[in-house]
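Numbering (the UniProt record's numbering), first residue to last: 1 to 253.
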């Protein structure tokens, strides 16, 4: 049985302890200005849309900013992580090992860095487009693992800082390919990526159609918590959340 932690308050998590799967209430109150450890479990069962592709999220990880040694924000703002210190509701996309495009949702109030890494999900829209990117792999693996999920969604470094539109619960899950308007301008300091080992020189995020959308879960899910995957710092913090028994989950169940 997986170990589970309990959120004790903003940015604070209790030590791991055994517990049953947590019932997750309906996410009508989804508020991205809350800390990542509160937002993360509410994203389970939600659908992230990028253009014509939709993924129902089944596994996420919370990163808490300067007090979390595993976070990209632990050392303060850098050209790569500066978007995490900006307003919530934006996308933080970076390259892992130079090849994997990892997708994060920025949380917490402006100036307080935290983000949720999207680790796995089920394709619910645009499967043909996903297969053109991912090839002939089993359906459960199309968006299993953060790099695979980023590839399935067609994310790239120009999505760094893109606005995320949070839709009303029950909104239709359908492609957004026509009749789109431009994003509002990005806040000062969030328009250009500087030189960084994980981002190319001079990549600029231009105003673009709001293809990033989030449709909150309309039904409760049962989820578990445990340590995050593939990190060496603050590795025991129970900040990974996944839907109990879902076959698309990428890490330890």
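Backbone N, C-alpha and C fix where the C-beta goes; we use that ideal spot for every residue, glycine too.
Inset, instruction - Could you say which of 46, 88 and 125 lies nearest to residue 254 if we only look at CA atoms? - result: Past the edges of the chain, shown from 1 to 253, lies residue 254, and the structure says nothing about it.
Legend entry - residue 155 vs residue 93 beta-carbon contact at 8 Å: The residue labelled residue 155 in the question sits at position 155 within the chain shown. The residue labelled residue 93 in the question sits at position 93 within the chain shown. Yes, the Cβ-Cβ distance between residue 155 and residue 93 is below 8 Å.
Inset, instruction - Mind checking who residue 32 pairs with in its DSSP beta bridge? - result: Here residue 32 is taken as the residue at index 32 of the chain shown, counted from 1. None; residue 32 has no bridge partner.
Legend entry - Sequence-distant residues of its chain with Cβ nearer than 6 Å to residue 150 (five each side left out): Walking along the chain shown from the start, residue 150 turns up at place 150. Taken in chain order, the residues that qualify are 101, 102 and 103.
Inset, instruction - Give a single yes or no on whether residue 35 has its beta carbon closer than 7 Å to a heavy atom of the ligand FAD. - result: Although the ligand FAD was asked about, the structure shown includes no ligands whatsoever.
Legend entry - residue 180, DSSP secondary structure in three states: Working through the chain shown from its first residue, we reach residue 180 at position 180. Because residue 180 carries a pLDDT of 39, less than 50, the predicted location of this residue cannot be relied on, and the following value inherits that uncertainty. Judged by DSSP in its simplified three-state form, residue 180 adopts coil rather than helix or strand.
Inset, instruction - Take the Cβ of residue 96 as the centre, count every other Cβ of all protein chains shown within 10 Å, and call the residue buried at 16 or more, exposed below. - result: Residue 96 sits at position 96 when you count from the first residue of the chain shown. By the 16-neighbour rule on beta-carbons within 10 angstroms, residue 96 is exposed.
Legend entry - When 121, 169, 81 and 148 are compared against residue 134, the one with the closest alpha-carbon: For the purposes of this step, residue 134 is taken as the residue at position 134 of the chain shown. The residue with the shortest Cα to Cα distance from residue 134 is 148.
Legend entry - Cβ-based burial, residue 48 [other Cβ within 10 Å; buried from 16]: Within the chain shown, the letter at position 48 stands for residue 48. Buried is the call here.
Inset, instruction - With a 10 Å radius around its C-beta and 16 neighbouring C-beta atoms as the bar for buried, classify residue 61 as buried or exposed. - result: As a first step, residue 61 is located in the chain shown; it is residue number 61 there, counting from the start. By the 10 Å Cβ count, residue 61 comes out buried.
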